[in-house]
Amino acid sequence: MKKILIGALVLLVLGAIVVASIRSGKGEKGTKVYGEPVERRDLAQVVKASGELEPRVKVNISAHVIGKIERLFVEEGDRIERGQPFLQLEREAFLAQRDQWAAQLRSAQTAVRQAQVSLADSRNKLQRAQRLETEGIFSSEQLEAAQLAETSAELRLQESRETVSQMAANLTKAQDDLSKTTIYAPLTGRIIVLNAEEGEVVVSGTMNNPASVIGTIADMSEILATVDVDETEIVNVKLGQEAVLEVDALPGKEYHGRVVEVGSSGFNRASQPDVTFFQVKILFADADEDLRADMSVRAEIQTAEHADTLVVPIQAVVERKPAEEPGEARTASTDSPGRDRGEEETVKVVFVIENGKAVQRRVESGLSDETHVELTAGVKAGEQVVTGPYRALRDLKNGDAVSVSKTSEAEDRRAKDDDKDEEEDR
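So that you can map any letter, position 174 of the sequence shown is 791 in our numbering, and since no number is skipped, the others follow by simple counting.
Below is the structure:
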């Protein structure tokens, strides 16, 4: 019996040793993590926004007279030079109106000449009446009649001259209307809108009346990207900042520009009523013939850039409470009066891989882009930091043993996806 107990005890001890050995082996191997080195490179911070293209200069074409379109000299999309005919209205009615006023002007001018002759005759008769009245041949009544005739002749001449002025003004207006039956391009550009066809009647253009716009000419040599920037990022956008532009209709093609206008009043989209946006205009530096008004565009505005700075993948930086940092002990001085421990502020840290262990370091961050963040303190170039997996990084503590994967997280993810696809194919 004693031998049996001793044998059982030996087996238990051996089992414990084996278990401890296995656990020890696992502990030495540590948690599998992904790591990447701290590197030096240029880092740019960008603000992303989307919008549409529009010409910097465009002019709406409207008629100044009412008439029927006899001929359109252009089609939508055509290029037109300044001074080139845009359209021609029917001229017959305007020619007739001009000729009518010209005839009435000639008639009025004839009336003036007749009135001048009549006035001269009346003055001669008045002078004769004055002489005869002095000689006692004419009575005072006859003199008064001559004076009245001379005054009437003066009034008729004045009236005839006023009629001439009125007829001349009417003729000038008719000639001006006739000249406006042909509309010429006010600038060199491209026809981006054409709302009329031959045979249609156009109305005289008035302000804020879209119905009177026949077409639009745009100077496509200067193109703007008008984009909407979120209110949380608009404070970083300044005049003169450079931007990279991509047009959805032209995949693979990259353009460049600079910010020329930053909106000062916000607006809300119908699809996002709770978000305020500000309009920003970016002038293309390398616009070409492929660009069209109203095309969709995506912009990356470079708001800051640091050259040759230390960067790590953005997921490597995690937040921890100060009490969780190595060597930190909670004291009365580290507790803020009145602060709930659940509301304790966090600090940014990374885990540097040293001798198979994850060493927690407090860091200070600077600029960031979509994939990397600048670290201004806490690490040195060449050091390896833990970048994932997320669950491991979330639970990682200072001094934990780690095993760095020889493959990247992206490679492992692709391998898992491939295995999954193969299983589905089976």
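C-beta: ideal position from N, C-alpha, C; glycine also.
- When C-alpha distances from residue 930 are compared across 700, 986, 709 and 923, the shortest belongs to 986.
- In the three-state reduction of the DSSP assignment, residue 803 falls in the coil class, being assigned neither a helical nor a strand state.
- With fewer than 16 neighbouring CB atoms inside 10 Å of its own CB, residue 779 falls in the exposed class.
- Apart from the 5 residues on each side of it in sequence, residue 817 sits with its Cβ closer than 8 Å to the Cβ of 685 and 686 in its chain, given in chain order.
- Spanning the alpha carbons of residue 970 and residue 660 requires a straight line of approximately 24 Å.
- Remark: fewer than three beta-carbon pairs, one from each stretch, lie closer than 8 Å, so the region 739 to 746 and the region 780 to 793 are not flagged as touching.
- The C-beta distance from residue 1012 to residue 974 rounds to 15 Å, too long to fall under 8 Å, and the pair is not in contact.
- When only Cα atoms are considered, residue 994 and residue 1026 end up about 26 Å apart.
- If you look at residue 1011, you'll find it isn't in any beta strand (DSSP E); it sits in the alpha helix (DSSP H) that goes 1007 to 1012.
- Counting C-beta pairs with one atom in each stretch, the region 862 to 870 and the region 694 to 711 have fewer than three that are closer than 8 Å, which means they do not touch.
- Remark: C-beta atoms of residue 852 and residue 897 do not approach each other more closely than 8 Å.
- Between residue 759 and residue 752, the C-beta spacing is not below 8 Å.
- Between the region 723 to 739 and the region 871 to 881, the count of C-beta pairs closer than 8 Å stays below three; the two stretches do not touch.
- Annotation: residue 723 to residue 714 spans about 14 Å, alpha carbon to alpha carbon.
- Beyond the five residues adjoining it in sequence on each side, residue 914 comes within less than 8 Å, by CB distance, of 667, 668, 669, 670, 842, 844, 862, 863, 864 and 865 in the same chain, given in chain order.
- Residue 982 is bridged by DSSP to 992.
- Taking C-beta atoms as the reference points, residue 652 and residue 1021 count as a pair closer than 8 Å.
- Under the 10 Å beta carbon count, residue 978 is surrounded by 16 or more other beta carbons and is classified as buried.
- Contact check for residue 833 and residue 677: beta-carbon distance about 5 Å, within the 8 Å limit, so the pair qualifies.
- Counting only the Cα atoms, residue 984 lies some 20 Å from residue 1000.
- Bounds of the alpha helix (DSSP H) holding residue 723 are 709 to 751.
- Here residue 839 is near residue 672, since their CB atoms are less than 8 Å apart.
- In this chain, the beta strand (DSSP E) harbouring residue 677 covers 656 to 679.
- Residue 701 sits in coil when the DSSP states are folded into three classes, being neither helix nor strand.
- Bridge pairing for residue 851: absent [DSSP].
- Looking from the CA of residue 795, the closest CA among 705, 648, 932 and 847 belongs to 705.
- The beta carbon of residue 820 lies closer than 6 Å to those of 683 and 829 in the same chain, with the five residues before and after it left out.
- Closest by C-alpha distance to residue 849, out of 805, 895 and 815, is 895.
- If you ignore the 5 residues before and after residue 799, its C-beta comes within less than 7 Å of the C-beta of 702 and 705, all in its own chain and listed in chain order.
- In the DSSP assignment, residue 778 falls outside any beta strand (DSSP E) and lies within the alpha helix (DSSP H) extending over 757 to 796.
- Cβ-Cβ distances below 7 Å link residue 688 to 704, 705 and 815 in the same chain, with the five nearest sequence neighbours on each side left out; the list follows chain order.
- In its chain, beyond the 5 residues on either side, 661, 662, 853 and 984 have a beta carbon closer than 8 Å to the beta carbon of residue 921.
- Approximately 5 Å separates the beta-carbon atoms of residue 933 and residue 1004; this is inside 8 Å, confirming the contact.
- In this structure, residue 919 places its C-beta atom within 8 Å of the C-beta atom of residue 860.
- DSSP places residue 896 in the strand class (E or B) of the three-state scheme.
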